[in-house]
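In what follows, a structure is listed as structure tokens, so that the remarks can point back to it.
Chains as they are written, first to last, in the numbering used here: chain A, 6 to 501; chain B, 42 to 542.
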């Protein structure tokens, strides 16, 4: 079953060992891969125009050229600021982001009146906005690379970021629905015509905090335990933070009516906890708590309704979307029909009917794209996602400090989990929850946050692959200053 | 920390593996279902990519597809509006299709097996030929006469139906159900609008969507006397045989006497069968029916087409518009034996006898056609999209033989006498021999009577041109006379269209 999921490069099993690394930056590999990705994006844009307009306009290359300029600029930034960063990350993300912009432009073409189609401006509509957001997001990611010259420096702000994360999560919950609710989920801050999804950024802030907190507490969390049925269970008092995060995610579930985000936060925390402590019991406790909570919410939603009703409804739709195909189940049904209509090879870019799916530019973009590129195209996209996730985990394996390991491992897994939650949701594998598809869905918050995530992964992988200059095991600093210690961390033994 | 990181990597792969497996499962087991699902708008978009063929009658397109700039490329329109609604039916975006649009859907849409050569040719030439064209048997003049006659009826009936066909072939010349409806809003590409229009029609208590000509069953009243007369003629009663009549007659088991519609009708004790039909003598036919017995009456009705519930009117030998069965109903008493009172009332077309307008026309048609009942049909020809090749041309076929030639000839004389001397005078057409039978049927004491007329017109050399049935529901007094007048107009139009044969 998972045979198809193994990508060409099998990164997890070949973690590089400190000290035996060649000092190769691989920036030229990154450049060639990036050019390949841009060629695919350009070809996609041309195919869309050929299918929708019956002709390829002389301007078809402009969106791709804008993207190329942005990504190549990022490539140059990486050359200077993170020369040893993983060379596969940027091209993979550029491909997804480019396809996303191309598909959003394709939707704009479908929505535009036939006479306006050939003259649709580059920065018009969702596609144009997404293009602008890409510019901003990449600039932000470059800025983060410039500011954060060593990933350990962020640990200094761990508590601030943790607090900020919680505040960001809670803002939509306490805001009146008018300012925070879109399509039943209270995940937004809406001011004027502008809306941001603070949860996307909270994800990053909370993960920095988790990583820092767990590095400090990992010894006590992993050593003191009761042994039950051959599995080590933690002491009751150590469950505190786990329960706190569980409560946080249940609150998100109930007050923001969003299972996906709640699952994401909880999964993120449990996985970092597991990486930190190496204890399977945390995974078990986490899974039991989450599924127990979700089931309880489902039952309560059926019995008393109220804040749980939304989740109950979503679970019901998941169980049988065709029970109410024109109302509650409409979007999921149309998504499934799109996937089914696409078949193995799809209708070709521009050949489908993405507008059959309501709000296809957001949560259901994967189904909309799926109709046009088919099972094979979707599989390719999933492999690209998996590649990013596994390259992130590879950086985590290779980096020398615990904080970096937790940070990169947690971020990479969170990205994978988000893809799983949304793609699983639209393909009826799990109940549908409002999540953006990273780098594909329309929306600035998600795109920015995920590019920041990539910037952190780039930074960590740069730290991991940078050749050592001294014997002390500390990374070389561009400024040549003293090695920076993890802020406030006790001296620790790194297990091989 | 590397060991758990590696395991997390495996977990990520497992999660993605689940996604792959699920997407594969969708394509392997669900894709066909999803692709052809009723909820899948793409099915329609594809269907509307090809121009649907015309439905035509007498060289005029009655249903045609117009190109639009919308997502669905062609809009189905019906230039005739209400006039042809019940024959054509409609082909909506989101509702069920009906009528000829439903029956000939494959051919009109161009997806029928017959048109596969055209589709293959299109594949190579890149042309986009549309669907095939369906040519109907309808006579535009007869249809208009029927529609206008019903709509402008002088007794203010709100409901009714008319059907006419060529007795020699079964080709339907006119088919109208009143009230009718405009099918154009139903095919709107704005599905909300179409649904609203449909719901309005569906909730209308007058039932405009119902095809009364084929599927409304009503007590036939005196028109049923033709069936009883046929049974009598086959059982030793001649055209001029005297049968018992009288101003009033009470069946043995019942206290309620059967009377005639007016005191002037057959007050004498004996009248000839011919006069009994001409005057529409209730007492005569009640006694005649009781004398013949329920079995003979029922059997004769069955031979004329009563009790058949699977007759369709469309393409011969294929699917068509559904019809309701006409029924003679129960004539039994509580003890299980024949109840003479029930039989007497049934013999004058009351009680549980129920007939469709189609059946009325079939009875008149078989009388006019020498005892041979032709199967009615609407589709004359299926023409290729390029209009040169014909894929089907109707070959008329006999449905059944209700009566022998001599009996049909006697019945024809009696029905001609009804129009020339009796109650059907308003159906007369100068220069043509017209036969018929009126009927006034009580439905319930609270509602006015239904008025019926079944009849036929013969050409100069005695060959039948048209058989017709008109019914005006709850028309009250004068209903059957008005029905006869409308029938006359329809037959006149049919004569004009057939070249005054």
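Note that CB positions come from ideal geometry on N, CA and C, so glycine has one too.
These figures come from a predicted structure and were not determined experimentally.
Where residue i sits in the DSSP three-state scheme
i              : result
residue 422(B) : strand
residue 465(B) : coil
residue 439(A) : coil
residue 49(B)  : helix
residue 476(A) : Low per-residue confidence applies at residue 476(A): pLDDT is 42, beneath 50, and the placement is therefore not dependable enough to give any value.
residue 392(B) : coil
residue 518(B) : coil
residue 376(A) : helix
residue 285(B) : strand
residue 456(A) : helix
residue 142(A) : helix
residue 343(B) : helix
residue 91(B)  : coil
residue 488(A) : With a pLDDT of 46 at residue 488(A), under the threshold of 50, the predicted position of this residue should be treated as unreliable, though the coordinate-derived value follows. Residue state, collapsed to three classes: coil.
residue 275(B) : coil
residue 261(B) : coil
residue 325(B) : helix
residue 297(B) : coil
residue 65(A)  : coil
residue 78(B)  : coil
residue 26(A)  : At residue 26(A) the pLDDT is 48, less than 50, meaning the model places this residue with poor confidence; the figure from the coordinates comes in the next sentence. Three-state DSSP puts residue 26(A) in coil, outside helix and strand.
residue 526(B) : helix
residue 321(A) : helix
The beta strand (DSSP E) enclosing residue i, as first and last residue numbers
i              : result
residue 204(B) : 200–206
residue 117(B) : 115–118
residue 507(B) : 505–514
residue 432(B) : 431–434
residue 102(B) : 101–108
residue 193(A) : Here residue 193(A) belongs to no beta strand (DSSP E), and DSSP marks it neither H nor E.
residue 2(B)   : Look at the range of chain B in this structure, 42 to 542, and you will see that residue 2(B) is not part of it.
residue 97(B)  : 96–98
residue 363(B) : 361–363
Residue burial classification, residue i (beta-carbon count within 10 angstroms, cutoff 16)
i              : result
residue 321(B) : buried
residue 392(B) : buried
residue 101(B) : exposed
residue 537(B) : exposed
residue 352(B) : buried
residue 480(A) : Bear in mind that a pLDDT of 44 at residue 480(A), under 50, signals an unreliable position, so the number given afterwards is only what the model happens to contain. The residue in question, residue 480(A), is buried, as its Cβ has 16 or more Cβ neighbours within 10 Å.
residue 476(A) : Here the model assigns residue 476(A) a pLDDT of 42, short of 50, so the residue's position is not dependable and the matter cannot be decided.
residue 213(A) : buried
residue 121(A) : exposed
residue 322(A) : buried
residue 110(B) : exposed
residue 103(A) : buried
residue 166(A) : buried
residue 34(A)  : exposed
residue 293(A) : exposed
Boundaries of the alpha helix (DSSP H) in which residue i is found, first to last residue
i              : result
residue 479(B) : Premise fails: residue 479(B) lies in the beta strand (DSSP E), 474–482, not in any alpha helix (DSSP H).
residue 287(A) : 285–308
residue 274(A) : 264–282
Check: residue i C-beta below 7 Å from any heavy atom of the ligand NAP
i              : result
residue 297(B) : Summarising the ligand content, the structure contains no ligands, and the ligand NAP is consequently not present.
### Message
Which residues of the segment 72–101 of chain B have a Cβ closer than 8 Å to any Cβ of chain A? Give them in chain order.
### Response
72, 73, 74, 75, 76, 78, 80, 81, 82, 83 and 86
#### Entry: Residue ranges of each alpha helix (DSSP H) within the segment 149–181 of chain A, 4 or longer
163–179
### Message
Which complete beta strand (DSSP E) runs does the segment 149–232 of chain B hold, if anything under 3 residues is left out?
### Response
174–177, 200–206 and 213–219
### Query
Listed from N- to C-terminal order along the chain, which residues in the segment 103–123 of chain B have their beta-carbon within a distance smaller than 9 Å of any beta-carbon of chain A?
110 and 112
### Task
Select from the segment 58–73 of chain B all residues with a C-beta closer than 8 Å to any C-beta belonging to chain A, and list them in chain order.
58, 59, 60, 61, 62, 63, 64, 65, 67, 68, 71, 72 and 73
### Query
Of the residues that make up the segment 378–403 of chain A, which ones have a beta carbon closer than 7 Å to any beta carbon in chain B?
380, 383, 384, 387, 391, 394, 395, 398, 401 and 402
#### Entry: Contact list for the segment 198–227 of chain A against chain B, Cβ threshold 8 Å
none
### Task
Below 9 Å between beta carbons is the criterion; list the residues of the segment 355–370 of chain A that meet it against any residue of chain B, in chain order.
357, 358, 360 and 361
### Task
Counting only runs of 4+ residues fully inside the segment 324–410 of chain A, write out the alpha helix (DSSP H) ranges in chain order.
335–347 and 370–403
### Task
Could you please tell me which residues of the segment 431–462 of chain A, in chain order, have their CB closer than 7 Å to any CB of chain B?
432 and 434
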